[in-house]
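Undergrad: Take a look at this one; I'll ask things after.
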Ligand SMILES: Cc1ncc(COP(=O)(O)O)c(C=O)c1O
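In the working numbering, the protein residues as written are 71 to 438.
Spelled out as C-alpha cells, the structure:
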C-alpha cells in the first residue's frame, strides 16, 4: 500500500468541475488583477475567520512582510519569534527591516510564551507566534504579555486555517493574521497565494496600499510598497476550495484521532497534541521519538511518505550565520526526534491504520 504525504491530483479531482468553471470564468472575464474575484474571496475568507477585513497577497511570506512593513520599523528594531518554523517567517522580518529574535520552544514545539519576556528589549516591536502544525499557540499568555509591554502581535497562520484558541479563530487575536495558500496548506491554491486578515480598517487600507506599490490612487504612491497581489485566477480557485475547508479540517481531525488512539501506548513515542483551549486543524501530525531516523527509513520501505518539519532550526541556518553561535537547547534536541506522518484529508482509514500497524511493527521488531 502506498501512503503519500500529499495528494494534489485527488484534491483537484474532488472539485474539478467547479475549479475548471472558476478558471474559465476568469479567463473569459478579461480582468486578471485585483478584480471581483479577489474582493469576493477576501470578503469570504474574512467572514470565515470572523475577522473584519481580508487582504489577498501573493504568498505567506509577503503576508507577514506587509503586516510588518506597516509597523514602519527603524533599523535595529526587533521581532520575537520561534526558531522552529518555515524559513519564510524569519525572512519576512528581515525583508521588513527588522531583526529576528529567536526564543526557545515549548512541549508543543511553539515559541515558549514563558521565555518571551526574558528577551524583550527597548528595541522590541512585535511578536510573531507561529501556529505550527495547525496547532494554536498559547494566545492568552502571548496577548496578555504583548498588551503589558505594548508590542504588536502578528500571527503566522500559514499552517492553521480555521484553528481555534478558546473558541476564537487564530489570526484574529493580534493586530493581523498572515496566511499562506501554498498548495500543501489546509487551504491551498493551484500556485502561490496568501492573505492578511485584520479587524482594523485603517490597517487594512495600509496593507492594500503596501501590496500594490504603495498606491493610494492610480499613479499616486503614498508609501514604499511592493508588488504582492493575489491574482484573480487563484482567488477564484480559493473561493471554490474555501467551501470544503471545514469538511477537510474535520477529516484531518478524524485521522488525528485514529493516530492518537493507535500510537498512545507505544513507549518512547510522543504525539504532539493540542494545548488546553486549542483546537488544531492538524496541518501536520507530528510525533517525537529517539528512533526517528530508523523509523523514517522503515516507513519508507513500507511506501509510507514522511517528512521532518523542520530538520534545521532557523538560528542554525546558513543564511542566518550571525545566530549560529546562539544556543537554544530545547529546539536543538527536538529537531533530532520529530517526524511528520501523512495526514492529508484524502487518505482513507485503511491507509492510516496501515501506517499505525507499520509503526507498531517497527517498535515490536526493536524489542525482539
Ligand atoms: C509557518 C509558515 N510561515 C510562512 C510560510 C510562507 O508561506 P509561502 O510559502 O506562501 O510564502 C509557510 C509556508 O511555507 C509556513 O509554513
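For every residue, glycine included, the Cβ atom is placed at its ideal position computed from N, Cα and C.
Decide if residue 276 is buried, meaning its Cβ has at least 16 other Cβ atoms within 10 Å, or exposed.
TA: Buried, by the Cβ-count rule.
Undergrad: When every heavy atom of ligand 1 is checked, does at least one fall within less than 6 angstroms of the C-beta of residue 250?
TA: Under cutoff, so the answer is yes.
Undergrad: Three Cβ pairs or more, each shorter than 8 angstroms: is that satisfied between the stretch 176-183 and the stretch 314-323?
TA: Contact fails: fewer than three Cβ-Cβ distances are below 8 angstroms.
Undergrad: Please state whether DSSP places residue 121 in a helix, a strand or coil.
TA: Of the three classes helix, strand and coil, the one that applies to residue 121 here is coil, per DSSP.
Undergrad: Taking DSSP as the reference, what is the three-state secondary structure of residue 426?
TA: Correct three-state label for residue 426: helix.
Undergrad: Quick check: is any heavy atom of ligand 1 less than 6 angstroms from the C-beta of residue 159?
TA: Yes - ligand 1 has a heavy atom lying nearer than 6 angstroms to the Cβ of residue 159.
Undergrad: Roughly how many whole angstroms lie between the Cα atoms of residue 241 and residue 225?
TA: Going from the Cα of residue 241 to the Cα of residue 225 covers about 6 angstroms.
Undergrad: In angstroms, rounded to a whole number, what distance separates the CA positions of residue 273 and residue 204?
TA: So the alpha carbons of these two residues sit roughly 26 angstroms apart.
Undergrad: Can you name the start and end residues of the beta strand (DSSP E) that residue 287 belongs to?
TA: Its beta strand (DSSP E) spans residues 285-287.
Undergrad: Under the rule that 16 or more other beta-carbon atoms within 10 Å means buried, what is residue 380, buried or exposed?
TA: Per the 10 Å Cβ criterion, buried.
Undergrad: Report yes if the C-beta distance between residue 111 and residue 377 is below 7 angstroms; otherwise report no.
TA: No; because the gap between Cβ atoms is not below 7 angstroms, this pair is not in contact.
Undergrad: Report the start-end ranges of each alpha helix (DSSP H) in the stretch 171-255 that is 4 residues or longer and not cut off at the edges.
TA: If we require 4 residues or more, the alpha helix (DSSP H) runs fully inside the stretch 171-255 come out as 183-186 and 209-219.
Undergrad: Starting from residue 355, trace the beta strand (DSSP E) in both directions and tell me its first and last residue.
TA: It spans 355-359 - the beta strand (DSSP E) in which residue 355 sits, taken as one unbroken run.
Undergrad: With distances taken Cα to Cα, identify the nearest neighbour of residue 314 among 72, 78 and 84.
TA: The option with the nearest alpha carbon to residue 314 is 84.
Undergrad: By a C-beta neighbour count over all protein chains shown, 10 Å radius and 16 as the cutoff for buried, is residue 266 buried or exposed?
TA: With 16 or more Cβ atoms within 10 Å of its Cβ, residue 266 is classed as buried.
Undergrad: With DSSP as the reference, label residue 268 as helix, strand or coil.
TA: Residue state, collapsed to three classes: strand.
Undergrad: What residue does the beta strand (DSSP E) around residue 149 start on, and which one ends it?
TA: From DSSP, the beta strand (DSSP E) with residue 149 extends over 148-151.
Undergrad: Would you kindly work out how many angstroms separate the C-alpha atoms of residue 403 and residue 148, rounded to a whole number?
TA: The alpha-carbon atoms of residue 403 and residue 148 are separated by roughly 26 angstroms.
Undergrad: Hey, is residue 305 close to ligand 1, as in C-beta under 6 angstroms from one of its heavy atoms?
TA: Result no, Cβ not under 6 angstroms from ligand 1.
Undergrad: By DSSP, does residue 96 sit in helix, in strand, or in coil?
TA: Looking at residue 96 - three-state DSSP - the assignment turns out to be helix.
Undergrad: Going by alpha carbons, who is nearest to residue 164 out of 337, 117, 372 and 132?
TA: Checking every option, the nearest Cα to that of residue 164 belongs to 132.
Undergrad: Confirm the yes/no value for this check: CB of residue 228, any heavy atom of ligand 1, distance under 6 angstroms.
TA: Checking every heavy atom of ligand 1 against the Cβ of residue 228, one is found closer than 6 angstroms.
Undergrad: Report whether the distance from the Cβ of residue 165 to the nearest heavy atom of ligand 1 is below 6 angstroms.
TA: The answer is no for residue 165.
Undergrad: What separation, rounded to the nearest whole angstrom, lies between the Cα atoms of residue 121 and residue 342?
TA: Approximately 28 angstroms between the Cα atoms of the pair.
Undergrad: So, using beta-carbon positions, are residue 413 and residue 368 closer together than 7 angstroms?
TA: Not a contact, by the Cβ cut-off of 7 angstroms.
Undergrad: Under the DSSP definition of a beta bridge, which residues are partnered with residue 346?
TA: For residue 346, which the question treats as bridged, DSSP gives no partner whatsoever.
Undergrad: So for residue 126, helix, strand or coil by DSSP?
TA: Reduced to three states, the DSSP call for residue 126 is strand.
Undergrad: Have a look at residue 194 and residue 221 and give me their C-alpha separation to the nearest angstrom.
TA: Taking the straight line joining both Cα atoms gives about 7 angstroms.
Undergrad: Is residue 385 helix, strand or coil by DSSP?
TA: Note: residue 385 maps to helix in three-state DSSP.
Undergrad: Counting C-beta neighbours from all protein chains within 10 Å, is the total for residue 95 16 or more, i.e. buried, or is it exposed?
TA: It counts as exposed.
Undergrad: Taking all protein chains shown into account, decide if residue 152 is buried (16 or more other Cβ within 10 angstroms of its Cβ) or exposed.
TA: Its Cβ being crowded by 16 or more others within 10 Å, residue 152 is buried.
Undergrad: Cβ of residue 136 within 7 angstroms of Cβ of residue 280?
TA: Closer than 7 angstroms, so yes.
Undergrad: Roughly how many angstroms separate the alpha carbons of residue 237 and residue 350, rounded to a whole number?
TA: About 11 angstroms.
Undergrad: Counting beta carbon pairs with one atom in the stretch 414-424 and one in the stretch 328-342, are three or more of them shorter than 8 angstroms?
TA: Enough Cβ pairs lie closer than 8 angstroms, so yes.
Undergrad: Go ahead and pull the three-state DSSP assignment for residue 297.
TA: In the structure shown, residue 297 sits in a strand (DSSP, three-state: E or B).
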